[in-house]
Amino acid sequence: MKSYQVVDFGKPLELREYDNPKPQGKEILVKISACGVCHSDLHLADGYFDLGEGKRITLADRGTKLPFTPGHEITGSVVAIGDDAEGVEIGDTGIVFPWIGCGKCEQCQKDNETLCEAPKYLGARLNGGYSDHIIVPDSKYLVSYGDMDPAMAAPYACSGLTAFSALKKIPETSSDDWIIVIGAGGVGINGVLLSSAVHKAKVLVIDKDKEKREKALEAGAAEAFSPEDSENIRNIIGIGAAAAIDFVGMPETTDLGLSLVKKGGMVVVVGLYGGSLKMSLPLIPMRSTILRGSYVGELRELKELVDIIKSGKVELIPVKKQDLETANQAMSDLRAGKVNGRIVLIPK
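In structure tokens:
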């Protein structure tokens with residue numbers, strides 16, 4: 002098994018070779034067909050998330066042991082099955098759901114695994130998809146994608162699921178409403194593409210990059226502006242948007258979202274760029290503003306999303322296929338903001 006692993010936080014990934022693991026109990030061994038490259042992989046490789054004001058969450062403190070294999074947007078086929086695995090056969094293909102909880106706590110028992118306090122996320126706590134094989138803890142985490150191209154299906158394990166779950170957290174909208182999407186990277190574009198499957202509202206995209214704004218319009222956004230175009234934005238949304246989704250997650254972008262939603266509106270923070278937010282607290286109750294977070298999504302949401310993309314009702318996010326051996330370059334390109342859509346790594 003060839004895996005590109007984080008050996009030292011903040012350093013390039015290193016190629017390591019191991020014997021293929023043997024699945025035990027309910028585990029299955031999946032031969033990886035494709036793995037998307039996500040912004041979260043950058044934070045995981047760096048070893049921390051920036052909380053602002055000099056504070057950090059480190060992976061070491063949260064139980065991640067080196068070396069580990071990043072990557073969580075995984076598709077593949079089953080090549081070995083543990084003795085207790087059910088409902089799966091050799092050769093079955095699917096998207097691997099990576100947001101796995103401990104399986105024992107109250108939230109896991111309610112199938113809210115992303116709310117588990119002791120998660121076992123693939124590509125963070127357990128080895129992920131920058132490899133040619135992966136152990137999946139239970140066959141229930143393999144979601145069939147039908148006859149889709151596995152490289153096209155892979156980003157829906159995170160990019161698509163994250164956008165879909167954020168959209169679903171927004172109360173029902175009408176065709177007169179606006180939803181503002183801040184950040185038109187891979188996840189933001191998926192938010193645009195999937196919005197019509199969840200809401201009637203029109204989408205207005207804000208991004209400082211002209212090319213990304215153009216991509217957002219091609220994906221179906223009604224309007225796209227630079228953050229500096231506040232006057233034009235306000236002329237279009239009137240009293241304010243029904244909701245804003247911040248796919249960047251930095252103080253300036255969340256503050257922008259808060260300034261653009263109407264009374265009773267919701268701002269959903271998704272991005273993990275980092276920093277801390279200073280807020281005028283009286284305005285929160287006075288405007289009945291809802292500020293909430295959304296972190297990836299649940300297994301049930303992935304199944305719902307896969308049914309939507311298999312139906313052909315929404316356009317799929319564009320992907321760029323690259324050899325697994327280019328993992329470090331792919332991460333560098335993503336860090337530099339050079340990626341539109343999604344890079345997907347393909348093992349040889």
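What the sequence shown shows, in the working numbering, is residues 2 to 349, in sequence order. Even for Gly, the Cβ is constructed at its ideal location relative to N, Cα and C.
For residue i, three-class secondary structure by DSSP
i: GLY83; result: coil
i: ASP256; result: helix
i: GLN25; result: coil
i: CYS36; result: strand
i: LYS203; result: strand
i: ASP20; result: coil
i: MET280; result: coil
i: ILE406; result: No information on residue 406 is available, as it lies outside the stretch 2 to 349 that the chain covers here.
i: GLY288; result: Reading off the sequence shown, one finds Arg at residue 288, where the question assumed Gly. ARG288: coil per DSSP, three-state reduction.
i: ILE237; result: helix
i: LYS211; result: helix
i: ALA331; result: helix
i: ARG336; result: helix
i: VAL270; result: strand
Residue burial classification, residue i (beta-carbon count within 10 angstroms, cutoff 16)
i: ASN233; result: exposed
i: LEU67; result: exposed
i: THR94; result: buried
i: ASP324; result: exposed
i: ASN341; result: buried
i: GLU114; result: buried
Spatial distance of residue i from residue j (CA atoms)
i: HIS200; j: LEU317; result: 17 Å
i: ILE29; j: GLN330; result: 30 Å
i: ILE190; j: LYS203; result: 14 Å
i: ASP9; j: SER145; result: 35 Å
i: ILE183; j: ARG57; result: 24 Å
i: LEU127; j: LYS121; result: 6 Å
i: LEU37; j: ALA81; result: Note that residue 37 is Gly in the sequence shown here, rather than Leu. Cα-Cα distance, rounded: 23 Å.
i: LYS264; j: PRO228; result: 21 Å
i: LEU300; j: LEU123; result: 14 Å
i: PRO71; j: TYR5; result: 8 Å
i: ASP84; j: ASP148; result: 28 Å
i: SER198; j: ALA245; result: It should be noted that the sequence gives Ala, not Ser, for residue 198. Cα to Cα, ALA198 sits roughly 17 Å from ALA245.
i: SER78; j: ILE91; result: 8 Å
i: ALA61; j: GLY275; result: 18 Å
i: LEU45; j: LYS12; result: 11 Å
i: GLY338; j: GLY250; result: 15 Å
Residues sharing a beta bridge with residue i, DSSP
i: PRO126; result: It is worth fixing the name first, because residue 126 is Arg in this sequence and not Pro. Note: ARG126 sits in no beta bridge, so no partner.
i: PHE69; result: VAL7
i: PHE226; result: ILE207
i: THR115; result: Looking at the DSSP assignment, THR115 forms no beta bridge with any residue, so it has no partner.
i: ARG57; result: ASP51
Original post:
What residue ranges within the region 142–194 form continuous alpha helix (DSSP H) runs of no fewer than 4 residues, ordered along the chain?
Top reply: Every alpha helix (DSSP H) stretch that sits fully inside the region 142–194 and reaches 4 residues is listed by chain position as 151–154, 160–170.
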